[in-house]
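Input: a single structure, listed below in structure tokens.
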Amino acid sequence: DAHIHWQWTARSLYEVDVYEVPNKQVAVQRVAERIATSTPNDWITGHGWTQEFWDDKQFPTASDLDPISPNNPVYLRAKS
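Here it is, written out as structure tokens:
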């Protein structure tokens with residue numbers, strides 16, 4: 005069953021790349037970098053983080069993201 009999900013591929017071109025980053029801080033930093041070039045109220049989306057690779061095994065929460073994104077909603081999806 006060879007097939008491709010084109011809509012996901014296209015969507016990934018606009019998302020923050022947090023694919024297999026080494027820790028939560030790098031993921032949050034990448035989101036912050038995107039916010040710096042976005043306009044207020046733009047949705048910031050990203051995909052690919054895996055907390056199992058991180059020492060603390062904790063996924064990003066609102067307490068990590070709210071301080072860097074007071075004017076932009078953030079939606080991150082895990083790798084799985």
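Mind the numbering: the sequence shown is residues 5 to 84 in this note's numbering, read in order.
A virtual CB, placed ideally from N, CA and C, is assigned to each residue, including glycine.
DSSP state of residue i mapped onto helix, strand, coil
i: A6; result: coil
i: V22; result: coil
Pick from the options that is closest to residue i, judged by C-alpha positions
i: N76; options: G52, I39, E56 and Q55; result: I39
i: P64; options: R15, Q29 and I8; result: Q29
Worksheet item: Where in the region 30 to 71 do unbroken runs of the alpha helix (DSSP H), each at least 4 residues long, occur, reported from the N-terminal end onward?
Response: 66 to 69
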